[in-house]
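Chemist:
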Amino acid sequence: MIPILETKGLCKSFGGAQVVNGIDFRINEGETRCVIGPNGAGKSTFFKLLIGEHRPTAGSVRFQGRDISNVLPFRRVGLGMSIKFQVPGIFPDLTVLEHLKLVVHRVVRPHEVSDEIDRMLNLFNLSSESNVKAGNLSHGKKQWLEISMAVGLRPKLLLLDEPVAGLSTEETEHTGELIKRLKAEGLTIMVVEHDMEFVRQVGTQVTVLHGGKVFADGPLKEVLERDDVAEIYLGKR
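Take the sequence shown: its letter number 216 is residue 216 in the UniProt record's numbering, and every next letter is one higher.
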């Protein structure tokens, strides 16, 4: 099976600092993968390499078998990658409905736009805010709006950078249920996240980064039970 996303020997240095150091990584179609690690592990730089915001110093990024190491971010979106950044990148003066129209009309026929928007509003619990300006939404609903826009593009791969940062416990749990539902619909998802309860809720596979390298990789339960993972990420047992 050709993985939907794969990196080989991926490296990134800034001056003399090697931040990402030879990462081999792969996600198969239909998988939900969580990438975790302590502060300074290289997670953010790795994410930016995947989406094209950084160019690798060495190694490669492949999407559906194609080398995209030097492909611009917007072209990666055109290939089927959709991205949700940690900080919501919404337009504060546009309504929720207007945001969804911006993306939905690109992927469905004109007569299907209304039904697809209704589906997205219901899925992301935004129906009652459809005519509210995005700048007036709570932080949690801003996050859901941006995830809904990323999903509205009907991507082959959804990349999420800390989607529950700043959310309440209830909002975090609801976001986890959304991710599980999207996985059940066949979407491939990669999540970079710090919140371990959220990771336990959504993850089936987990990759731990440490020192710019893959420190551990495999089924969630097995990885989190390792003493060395507990020591570097969760503190001593």
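Glycine included, C-beta positions come from ideal geometry on N, C-alpha and C.
Given that a residue counts as buried once 16 or more other Cβ atoms are within 10 Å of its Cβ, and exposed if not, what is Lys-221?
Modeler: Classification for Lys-221: exposed.
Chemist: Looking at His-99 and Leu-145, is the spacing between their C-beta atoms short of 8 Å?
Modeler: yes
Chemist: What's the call for Ser-138, buried or exposed, on a 16-neighbour Cβ count within 10 Å?
Modeler: exposed
Chemist: Of the choices Lys-8, Leu-182 and Ile-117, whose alpha-carbon is the least far from that of Gly-30?
Modeler: Leu-182
Chemist: What is the DSSP secondary structure of Thr-39, counted as helix, strand or coil?
Modeler: In the sequence under discussion, the amino acid at residue 39 is Asn, which differs from the Thr named in the question. It is coil, neither helix nor strand.
Chemist: How far does the beta strand (DSSP E) with Gly-9 in it reach, from first residue to last?
Modeler: Counting along the chain, Gly-9 sits inside the beta strand (DSSP E) bounded by residues 5 to 14.
Chemist: Assuming Ile-117 contacts Leu-94 under a Cβ cut-off of 8 Å, what Cβ separation, rounded to an integer in Å, is found between them?
Modeler: So it is not a contact: roughly 14 Å between Cβ atoms.
Chemist: Sorted by chain position, which residues of the same chain lie with C-beta nearer than 7 Å to Gly-42's C-beta, five sequence neighbours on each side aside?
Modeler: Val-19, Val-20, Leu-209 and Gly-212
Chemist: Quick one: is Pro-219 buried, meaning 16 or more other Cβ sit within 10 Å of its Cβ, or exposed?
Modeler: exposed
Chemist: In the structure shown, what three-state DSSP assignment does Ala-216 receive?
Modeler: strand
Chemist: Mapping the DSSP letters down to three states, classify Leu-153 as helix, strand or coil.
Modeler: coil
Chemist: Starting from Val-206, follow its DSSP beta bridges and name the residues at the other end.
Modeler: According to DSSP, Val-206 bridges with Cys-34 and Gly-218.
Chemist: Can you say whether Ala-230 is buried or exposed, counting buried as having 16 or more other CB atoms within 10 angstroms of its CB?
Modeler: exposed
Chemist: Could you check which residue in Asn-131, Gln-64, Lys-180 and Gly-166 has the C-alpha nearest to that of Cys-34?
Modeler: Lys-180
Chemist: Among the residues of its own chain, which have a CB less than 7 Å from the CB of Leu-72, if the five just before and after it don't count?
Modeler: Gly-52
Chemist: Applying the criterion that 16 or more other CB atoms from any shown protein chain within 10 Å of the CB defines a buried residue, is Leu-102 buried or exposed?
Modeler: exposed
Chemist: Please report the Cβ distance between Val-192 and Asp-217, rounded to the nearest whole angstrom; I am assuming they are in contact, meaning their Cβ atoms lie under 8 Å.
Modeler: Not quite, the Cβ-Cβ distance comes to about 14 Å (not below 8 Å), so this is no contact.
Chemist: Go ahead and pull the three-state DSSP assignment for Thr-95.
Modeler: strand
Chemist: Quick check: Met-81 and Leu-157, are their CB atoms within less than 8 Å of each other?
Modeler: yes
Chemist: Give me the DSSP bridge partner(s) of Leu-159.
Modeler: Ile-83 and Met-190
Chemist: With DSSP as the reference, label Arg-181 as helix, strand or coil.
Modeler: helix
Chemist: My assumption, with CB atoms under 8 Å, is that Gly-22 sits in contact with Gly-37. Please give the rounded CB distance.
Modeler: The Cβ separation is near 15 Å, so there is no contact.
Chemist: Should Val-104 go down as buried or exposed, given a rule of 16 or more other Cβ atoms within 10 Å for buried?
Modeler: buried
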